[in-house]
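Before any comments, here is the structure.
Chains as they are written, first to last, in UniProt numbering: chain E, 1 to 548; chain Z, 1 to 548.
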């Protein structure tokens, strides 16, 4: 974040008696912008707020219809011995087979949402591509099922076991392999943490072309395996375009050596694309080569309040047109999401007035004067045309972070009461928010929403990446409850399917969406996908019970 | 091209006595820029200049080692009757089987470089996806080999038959299906001509995220099938990132209905990626859904002369850093390429002084004042630091086109003397041009270069997409000559392979590179590719004798 420079544009809201920042210039009475009042790091606040001390149910209990595949072997002491010899170090194997290691293994068995919990007794941490190859070949030969695991920050239960699948955790493969500062090509191990890779790039004037809330823990291998979208896809495009090469290991131990550093290489089928978004079902990604753009010198962040979703759409159109090449994020948050973040963090809100909708607009460019001028003109326009009700522009890096905190803090804050039903959807933009209203009405009519323990649902909120037509519909609950689930599913999927949307825009399928792919894909497409799965993983040992 | 607006930045070269354009402002004596002298459309000039009247040799004669695959059936009158009934219209079938149709069929048998020539006697022009499906299924059932053909503007012989493969020409499927001006998503038939699609988008404030010299004839289906890179990949990224969905037909007639309009859709393997760059070897693309950016209001084009390739690299680094988000092209041309363009077009050169290297820099942005300021600052810097020797900035759209003509006209002008050996390579940027010097020296030492008919080679030239580290090494010849070929191959491939480059950056493999994939891909990767080919096309009827 070191390049998030101080923003010189200073527009303040006239009614604030005591401006927070003395640097504020040119109060424009016509435009009622204020400086951000809170300088707390809202990103930090969310840490450790999720979940309760309640024991998480095993996935096998929550979904009793899923049965362990009897083709898979049970792990024996001999298997463990083999892995210990293979990986050499004690630290590379957490053995719960021949000894009691429940406490050590538990973090690898569950997800951060406390929604899924597996029964694994063995965690392997290979230290090289060759070790991954040997581990997988042995598992394949011995019919041992495995779950590849990165930072374990997924939202669909894709990176934790269901039964006794062996966890292959990639955290020991965490080195930057090379960086070329002329082309911007980074090559790194799959287990590199996204924020570490981005920090490395920041020191060299570049930026990782992906950013998301979990950046402090997620692995770039996991990002690629789940085709993560995140906050700046609008600007830098998808991983299918940015990943130049991959190194991956197939279940039979074959090393897919496709780690090209070339921007262009039209020599045969682009097989690496199959691994992007495959969620570890056909192989394990061990390294990534990715093109990284120049880091922008100037970052501006504005935060609006708007009276309707119609106005949000207008603001987006204007931002796209007027901010054009410097627009790097356009994020949507409804008032319900912001109320819950406020309830958890107690931070002072960015705007005094309460509005039904909020947007965060970020610009990134090479010339702060030009960018400020473009942003100012845009802000004047949206105020003058009454597209937005109220707004604020960050004055410095701390405020940039604070404003982002109101957006990035949502996922973690929502977990405060116990659990969250999460839907990550692509919906045609004009109907993007209608679903949230429809679901809230349905849950309300069912008497499930309200204060107090008798109501499982705290609130139904909508937020997401407006620029990508990607809505996160979240239902914050006091507990996971089948009555709530019944109201939500298949209603949400049917609603999205009718509009030719996607039931998983960026989070993937994992365990959560496995049975719902038919709402977004035809039978033909699913059959073709199964053909690919069978081609690469005929024994089905890779991340079973999930995906397709 | 309608949005290529007049460029207000006017820097002129002090020594020009009579400025061409009275609009020129602020002559900066320190900077010696001139306005472009020629307003001719050099793009137009190149048309019709290629080739000679000599008859093109059949590919089967040029490559006698390639034998017709006896598994394929010979086309009979019954087959033709079936296709005529199936496609309904006479116009949809060019029948050289039951009648003499040599003249009508000849254009489909050869490529524009006059390098490849097939023996087909049947051209089919399906009018719908269903018709493509029925045609392919019939061919597959009857072991009839086929060649999918778009605009037939390829450079590796990929879109013309070798023997009697049936040509499936997509030109009748040429409709825009839909466009959404909020998201920028265009859905169009595969047979849409790129320039037509871009013109349609221009009227709606958007741009096709791909541009290349052959835009007036190439099909977007062909662009996707060959993963075309082109002039603005630097800015808009690759088709793997921009294509949102595809509709394609497999050899068995299966319609791959993956024509998503969603920017994000993480529901299963991204199978469409396999068709991007597959060169028609596993199916035929029938429609494309693609995300199109906003068209920039302001386009600036500058043209430099530089004294060395070292300086070209410096200029590129500075352009990347200073022009950043508005840089949309950085093209390299050596003096040899420009001399040949000049010899063919007789156009007045953009610069008075002769330099060993030239670069074309294009910026595209939303605010012409800001862009001009950035470009001016950049130009001042590169002049002051003596990175460039000389330069010119286009004053209006005609001059923009004229400058681009010196770059885009190269491929066609080079064909003027008879033929061109073309190599399309990715090479680490610091060694990008060394290959051209090495090859020129080798050809010179062999006594093959010079004036007069006794020398097969006219010149060895280098140009290409500096921004993508993509060199086009071209050897302009008076005739295709095995002696020249022997000097070039495998020398060029070995040279590139040693530097971990790509032997086909953007042109693909086709027939020309089929045997050389091993220089850029490991045996493992080639084996995995063959597995995919066998999976989708077990009978091998799709574009045989080519690719892998």
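Even for Gly, the Cβ is constructed at its ideal location relative to N, Cα and C.
Can you check whether the C-beta of residue 314 of chain Z is within less than 8 Å of a C-beta belonging to chain E? At least 8 Å separates the CB of residue 314 of chain Z from every CB of chain E.
With distances taken between CB atoms, is the gap from residue 259 of chain Z to residue 329 of chain Z smaller than 8 Å? No.
Completely contained beta strand (DSSP E) runs for the segment 305-345 of chain Z, where each covers 3 or more residues: For secondary structure counted as the beta strand (DSSP E) over 3 or more consecutive residues, the segment 305-345 of chain Z holds these complete runs in sequence order: 327-334.
Counting only Cβ pairs nearer than 7 Å, list the residues of chain Z close to residue 224 of chain E. Per Cβ cutoff of 7 Å: no residues; residue 224 of chain E is ~12 Å from chain Z at best.
Chain Z contact for residue 382 of chain E (CB, 8 Å cutoff): So no, residue 382 of chain E is outside the interface.
List the residues of chain Z that residue 426 of chain E touches, going by C-beta distances under 8 Å, in chain order. Here the neighbours are 262, 263, 264 and 265.
Sub-8 Å separation of residue 189 of chain E and residue 204 of chain E beta-carbons: In this structure, residue 204 of chain E does not lie closer than 8 Å to residue 189 of chain E by Cβ.
Could you tell me whether the segment 294-310 of chain Z touches the segment 387-397 of chain Z, where touching means 3 or more Cβ pairs closer than 8 Å? The answer is yes - the segment 387-397 of chain Z touches the segment 294-310 of chain Z, with three or more Cβ pairs under 8 Å.
Quickly, what does DSSP pair residue 247 of chain Z with across the bridge? List them, please. DSSP lists Z:257 and Z:287 as the beta-bridge partner residues of residue 247 of chain Z.
Find the nearest neighbour of residue 526 of chain Z within the set E:269, E:244 and E:524, judged by alpha-carbon distance. Checking every option, the nearest Cα to that of residue 526 of chain Z belongs to E:269.
Compare the Cα-Cα distances from residue 83 of chain Z to each of Z:74, Z:72, Z:73 and Z:95 and report the closest residue. With distances taken between CA atoms, residue 83 of chain Z lies nearest to Z:95 out of Z:74, Z:72, Z:73 and Z:95.
Which of helix, strand or coil DSSP assigns to residue 502 of chain Z: Three-state result, residue 502 of chain Z: strand.
Quick one: grab the DSSP three-state call for residue 491 of chain Z. The answer is helix: DSSP assigns residue 491 of chain Z an H, G or I state.
By the DSSP assignment, the alpha helix (DSSP H) with residue 442 of chain E in it spans what residues? Segment 434-445, the alpha helix (DSSP H) holding residue 442 of chain E.
Measuring straight from C-alpha to C-alpha, what distance separates residue 365 of chain E and residue 325 of chain E? C-alpha of residue 365 of chain E to C-alpha of residue 325 of chain E: approximately 8 Å in a straight line.
Tell me which residues share the same chain as residue 378 of chain Z and place their Cβ nearer than 7 Å to its Cβ, disregarding the 5 neighbours each side in the sequence. Exclusion of the five residues before and after residue 378 of chain Z leaves 318, 319, 322 and 323 as the residues of its chain whose Cβ lies within less than 7 Å of its Cβ.
In three-state DSSP terms, what is residue 529 of chain E? DSSP, reduced to helix, strand and coil, places residue 529 of chain E within a helical segment of the structure shown.
Hey, residue 122 of chain E and residue 92 of chain E: beta-carbon distance below 8 Å or not? Their beta carbons are not under 8 Å apart, which means residue 122 of chain E does not touch residue 92 of chain E by this criterion.
Is there a Cβ from chain Z that is less than 8 Å from the Cβ of residue 38 of chain E? Low confidence applies here, because residue 38 of chain E scores a pLDDT of 35, under 50, leaving its location unreliable; read the following figure in that light. For residue 38 of chain E, the nearest beta carbon of chain Z is not closer than 8 Å to its own beta carbon.
Is there a C-beta anywhere in chain E that falls below 8 Å from the one on residue 455 of chain Z? Against chain E, the CB of residue 455 of chain Z has no partner CB under 8 Å away; the residue lies outside that interface.
Which of helix, strand or coil does DSSP assign to residue 192 of chain E? Note: residue 192 of chain E maps to coil in three-state DSSP.
How close, in whole Å, do the beta carbons of residue 145 of chain E and residue 165 of chain E come, if the pair is a contact with beta carbons under 8 Å? The beta carbons of residue 145 of chain E and residue 165 of chain E sit about 4 Å from each other, so the pair counts as a contact at 8 Å.
Cβ closer than 7 Å: which chain E residues qualify as neighbours of residue 258 of chain Z? Per Cβ cutoff of 7 Å: 525.
In or out: residue 74 of chain E buried (at least 16 other Cβ within 10 Å) or exposed? The residue in question, residue 74 of chain E, is exposed, as its Cβ has fewer than 16 Cβ neighbours within 10 Å.
Any beta-carbon of chain E closer than 8 Å to the one on residue 33 of chain Z? With a pLDDT of 43 at residue 33 of chain Z, under the threshold of 50, the predicted position of this residue should be treated as unreliable, though the coordinate-derived value follows. Output row for residue 33 of chain Z: interface = no.
Close-in-space but distant-in-sequence residues of the same chain around residue 539 of chain E (CB under 7 Å, 5 per side omitted): The answer, listed in chain order, is 140, 143 and 251.
DSSP state of residue 519 of chain Z, grouped into three classes? Reduced to three states, the DSSP call for residue 519 of chain Z is helix.
Short check: CB of residue 231 of chain Z to CB of residue 275 of chain Z, under 8 Å? Judged by beta-carbon spacing, residue 275 of chain Z lies beyond the 8 Å limit of residue 231 of chain Z, meaning their Cβ atoms are not closer than that value.
Which residues, in chain order, does the segment 267-279 of chain E contribute to contact with chain Z at a C-beta distance below 8 Å? Going along the segment 267-279 of chain E in chain order, one finds 267, 268, 269, 270, 271, 273, 274, 276, 277 and 278 with a Cβ nearer than 8 Å to chain Z.
Since residue 217 of chain E contacts residue 151 of chain E with CB under 8 Å, what's their CB separation in whole angstroms? Yes, residue 217 of chain E and residue 151 of chain E are in contact; Cβ-Cβ is about 4 Å, under 8 Å.
As assigned by DSSP and simplified to three states, the class of residue 218 of chain E: If DSSP states are grouped into helix, strand and coil, residue 218 of chain E belongs with coil.
So, for residue 101 of chain Z: in the same chain, excluding its five sequence neighbours on each side, which residues have a beta-carbon less than 7 Å away from its beta-carbon? Answer for residue 101 of chain Z: 94 and 95, listed in chain order.
Amino acids of chain E, ordered along the chain, whose beta-carbon sits closer than 7 Å to that of residue 550 of chain Z: Any answer about residue 550 of chain Z is impossible in this case: the structure gives chain Z only from 1 up to 548.
Looking only at C-alpha atoms, which of E:396, E:432, E:367 and E:510 sits nearest to residue 294 of chain E? The shortest C-alpha separation from residue 294 of chain E is found at E:367.
Which residues, in order along the segment 477-509 of chain Z, keep a beta-carbon less than 9 Å from a beta-carbon of chain E? Flagged, chain order: 500, 501, 502, 503, 504, 505, 506, 507, 508 and 509.
Does the distance from the CB of residue 466 of chain E to the CB of residue 406 of chain E come in under 8 Å? In this structure, the beta-carbon distance from residue 466 of chain E to residue 406 of chain E does not fall below 8 Å.
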